[in-house]
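Participant: Here our numbering is used: the first residue of the sequence shown is 4, the next is one more, and so on.
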Amino acid sequence: ADLRDPEGRLTSWTSNTSAGAVCDFSGISCWNPQESRILAVSLSGFGLQGKIPPALQYCRSANTLDLSSNALEGQIPPALCDWIPFVVNLDLSGNRLTGPLPSELANCRFLNSLKLSDNAFSGQIPASLARLDRLKALDLSGNRLEGQIPSQLGSAFSKDSFSGNSGLCGHPVSSRCGSGLGGTGLGIV
4 ADLRDPEGRL TSWTSNTSAG AVCDFSGISC WNPQESRILA VSLSGFGLQG
54 KIPPALQYCR SANTLDLSSN ALEGQIPPAL CDWIPFVVNL DLSGNRLTGP
104 LPSELANCRF LNSLKLSDNA FSGQIPASLA RLDRLKALDL SGNRLEGQIP
154 SQLGSAFSKD SFSGNSGLCG HPVSSRCGSG LGGTGLGIV
């Protein structure tokens with residue numbers, strides 16, 4: 004169900020709610036130690052299991068969320084960008100996440116870096132991701148994505164961003180999608 008911590012890496016996460024206490028939690032850094040405004044949640048390689056937790060909504064000021072190299076499963080919650088609207092760096096790579104990429108990721112308007120590689124995401128890349136005009140780094144490699152790569156993303160990022168998704172087509176991984184019937188992709192009925 005929720006986030007699990009079998010290695011006990013989050014034992015410093017107590018219910019202490021005094022000002023600044025959260026800033027001493029492992030994997031948490033704050034804008035200013037005297038306040039409880041979280042700057043980054045960096046829990047890479049903590050052995051975490053379960054789902055991406057709704058409690059992230061209490062990390063609203065975070066500009067970095069790094070949950071990479073854990074054993075998280077389930078889908079990316081469509082509300083993630085409502086929970087952490089100012090996120091600049093989002094790294095969920097190297098987990099066991101599944102399902103489609105939510106089009107709501109485009110609501111993380113300040114994203115510079117989106118790393119979702121080495122999971123089991125399926126379906127198409129949402130065209131809405133092209134609205135992320137600050138995006139400088141994109142890694143969707145090593146998933147089960149399929150269909151046409153949205154053209155704005157295909158022209159902005161290299162083949163490496165999309166590698167290891169055998170069902171993807173279009174620039175930069177292949178010249179076009181479809182079965183080669185004059186490039187129309189229409190089948191004969």
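Quick reminder that beta carbons are idealized off the backbone N, C-alpha and C, glycines included.
The beta strand (DSSP E) that contains Gln151, what's its start and end?
Facilitator: 147-151
Participant: At which residues does the beta strand (DSSP E) containing Asp94 begin and terminate?
Facilitator: 92-94
Participant: Using the Cα positions of Ser144 and Leu6, report the straight-line distance between them to the nearest angstrom.
Facilitator: Distance between the alpha carbons of Ser144 and Leu6: 25 Å.
Participant: Let me know if Leu83 comes out buried or exposed under the rule of 16 or more other beta-carbons within 10 Å of its beta-carbon.
Facilitator: Counting Cβ neighbours within 10 Å, Leu83 comes out buried, since at least 16 surround it.
Participant: Which term fits Asn98, buried or exposed, when burial requires 16 or more other beta carbons within 10 angstroms of its beta carbon?
Facilitator: buried
Participant: In chain order, what are the residue ranges of uninterrupted alpha helix (DSSP H) at least 4 long that sit wholly in the stretch 61-90?
Facilitator: If we require 4 residues or more, the alpha helix (DSSP H) runs fully inside the stretch 61-90 come out as 83-86.
Participant: Over the uninterrupted beta strand (DSSP E) stretch that includes Ser125, give me the two end residues.
Facilitator: Bounds of the beta strand (DSSP E) holding Ser125 are 123-126.
Participant: Under 7 Å between the Cβ atoms of Asp142 and Ser120?
Facilitator: yes
Participant: Kindly identify the DSSP beta-bridge partner or partners of Ala109.
Facilitator: Paired residue(s): none; Ala109 is not in a bridge.
Participant: How big is the Cα-Cα spacing for Ser116 and Leu51?
Facilitator: Rounded to the nearest angstrom, the two C-alpha atoms are 22 Å apart.
Participant: Would you say Leu59 and Trp34 are within 7 Å of each other, going by their C-beta atoms?
Facilitator: no
Participant: Can you tell me whether Ser164 is buried or exposed, with buried defined as 16 or more other CB within 10 angstroms of its CB?
Facilitator: That one is buried.
Participant: Alpha carbons only, please: which of Pro80, Leu42, Ser154 is nearest the one belonging to Pro105?
Facilitator: When each option's Cα is compared against that of Pro105, the closest is Pro80.
Participant: If you draw a straight line from the alpha carbon of Leu114 to that of Ala65, how long is it in whole angstroms?
Facilitator: 12 Å
Participant: Measuring only the C-alpha atoms, how far is Ser45 from Gln151?
Facilitator: Straight-line Cα distance between these residues: approximately 33 Å.
Participant: List the residues that DSSP assigns as beta-bridge partners of Val44.
Facilitator: Ile31, Leu68
Participant: Determine the extent of the beta strand (DSSP E) in which Leu171 is found, giving its start and end residues.
Facilitator: Its beta strand (DSSP E) spans residues 170-172.
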